[in-house]
Amino acid sequence: MKAPRHFLQMRDFSREELEHVFHRTKVIKERFKRYERYWPLQDRTLVMIFEKASTRTRLSFEAGMQQLGGSAIYLNTRDSQLGRGEPVEDAAQVISRMSDIVMIRTFEQEIIDRFAGHSRVPVINGLTNEYHPCQILADIYTYIEHRGPIQGKTVAWVGDSNNVCNTWLQAAEIFDFNVHVSTPPGYEVEPERAGLYGTDHFEQFADPMDAARDADLVTTDVWTSMGFEAENEERLRDFADWQVDGDMMRVARKDAVFMHCLPAHRGEEVSAEVIDGAQSVVWDEAENRLHTQKALMEFLLLGRVND
Ligand code: CP
Ligand code: NVA
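Note that our numbering numbers the sequence shown so that position 249 is 255, with each residue one more than the last.
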């Protein structure tokens, strides 16, 4: 049996494949907006496994699969055998014999890698401690929609060097743009954990204002990611000077957009003035999770579909 393709981190796809997914996103989104039925995945089943909470990821995958004519099944750790120590390899064998595609949100990347290694069907990373590739797919698509190609642009990442940050860094190598990162001391990017080949597409700045200066896109995320709740109090103190606020947006380019994967904490990583302000594209960004993931599932299940 031919090994299936997976989307476990950004670099699993070539730039050309990602551009194809973006092209299909546009077509699928336009059809959806015109209320045109498009059911290429009729009779296909998506299994979604959640070991962490979610609003957007669950909704966009579940609604997206239904809109493509298929169905989606939700499993979580609490009420499946996954939370009771069944080996990941065994779960992968069984789940992938009963479904056509699987999406997993879990802790270490190693878990999803092991699942994929034993799966007969494509596996999509719906967030791990290390990466969140579906998020950056939507983010880059959103940037292109608002401002055109991202190649050569500068993305400022202010805050924690987490899964979303790591994925931006991988995407920068693929699409040839720059990421200016500013984290508090002790929270710097770990290139190996981010899965980077080289370092020419990112630079670290001690002062977040320097990272934001002349940026085309300013973005951030929660100070405490899921799974790190025990560090919350310490992080609140350590990240206090890493809020994206109006002053920070003013040093970015005039036409800079603000993004946040959501959920957001106004008054912590971002001020209300910025996230609810004119430069913020966070609602388009959230909506595009739906459209980009529909194109992603189409690609993984049907290969290249031409218009
Ligand atoms: N951005 C994102 O993945 O949101 P959820 O945690 O709600 O899925
Ligand atoms: N970095 C955040 C993203 C949530 C969508 C987390 O992992 O909790």
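For every residue, glycine included, the Cβ atom is placed at its ideal position computed from N, Cα and C.
Report the option in the options whose CA atom is closest to the CA atom of residue i.
i, options, result
"E95", "D119, D49 and F28", "D119"
"K8", "S125, L302, I110 and V164", "S125"
"A69", "A98, A59 and F38", "F38"
"F181", "Y147, R40 and G123", "Y147"
"V224", "Q249, R11, E239 and Q15", "Q249"
"S167", "R241, E179 and F67", "R241"
"D220", "I150, Y41, F67 and T160", "T160"
"E36", "R272, Q115, V129 and T298", "T298"
"R21", "F183, Q72 and F67", "F183"
"A258", "K300, A162 and V53", "A162"
"R40", "V195, Q73, Y193 and P155", "Q73"
"E235", "E179, L307, K58 and H12", "K58"
"G158", "E179, P197 and F67", "E179"
"F67", "I130, D222, Y193 and D145", "I130"
"I117", "I156, F56, L306 and Q210", "F56"
Excluding the five sequence neighbours on either side, which residues of its own chain have a C-beta within less than 6 Å of the C-beta of residue i, listed in chain order?
i, result
"G75", "W45, L47 and Q48"
"L403", "The question about residue 403 has no answer, for the chain in this structure spans 7 to 313."
"P10", "V127 and P128"
"A301", "V27, R30, T31 and I34"
"N238", "T230"
"Q115", "T134 and E136"
"M71", "L52 and A78"
"Y80", "M54"
"V195", "S167 and V187"
"A98", "F121, H124 and S125"
"E209", "H186"
Ignore the nearest five residues each way along the sequence and tell me which others in residue i's own chain have a CB closer than 7 Å to its CB.
i, result
"Q285", "M255, A262, V263 and F264"
"R62", "L268, A292 and R295"
"G89", "T83"
"N169", "L133, T134, N135, E136, Y137, H138 and S231"
"M338", "Past the edges of the chain, shown from 7 to 313, lies residue 338, and the structure says nothing about it."
"F19", "F13"
"Q156", "Going by the sequence as given, residue 156 is Ile instead of Gln. The answer, listed in chain order, is I146, Y149, I150, F181 and F183."
Below 8 Å CB to CB, which residues in the same chain sit around residue i once its five sequence neighbours on both sides are set aside?
i, result
"V288", "F264, M265, H266, L268, A270 and I281"
"R310", "H26"
"R199", "E136 and N172"
"S277", "Q249, V250, D251 and G252"
"S60", "R111, G132 and L133"
"E304", "R30, I34, P46, L47, L74 and V311"
"E151", "D290 and N294"
"D313", "V33"
Since I believe residue j is in contact with residue i (beta carbons under 8 Å), could you give me their beta-carbon distance rounded to a whole number of angstroms?
i, j, result
"P190", "D244", "5 Å"
"S77", "T51", "5 Å"
"S102", "V127", "5 Å"
"L175", "V185", "6 Å"
"V228", "E275", "6 Å"
"V187", "A217", "6 Å"
"L14", "A122", "6 Å"
"M16", "A177", "5 Å"
"D222", "R272", "In fact, because the Cβ distance is near 24 Å, the residues do not count as touching under 8 Å."
Cβ contact check for the segment 101–114 and the segment 15–32: 3 or more pairs under 8 Å: The segment 101–114 makes no contact with the segment 15–32: fewer than 3 CB pairs, one atom from each, lie closer than 8 Å.
Beta strand (DSSP E) segments (min. 3 residues) lying fully within the segment 37–101: Counting only runs of 3+ residues, the beta strand (DSSP E) found wholly inside the segment 37–101 occupies 51–56 and 77–82, in chain order.
Start-end ranges of the beta strand (DSSP E) lying completely within the segment 240–286, minimum 3 residues: Correct list: 263–266.
Complete beta strand (DSSP E) runs within the segment 166–208 (minimum length 3 residues, chain order): Here the runs fully enclosed are 184–188.
Segment contact, 8 Å Cβ cut-off, at least three pairs: the segment 135–146 with the segment 203–219: No, the segment 135–146 is not in contact with the segment 203–219.
Those runs of the beta strand (DSSP E) which lie wholly inside the segment 130–166 and span at least 3 residues: 160–164, all fully within the segment 130–166.
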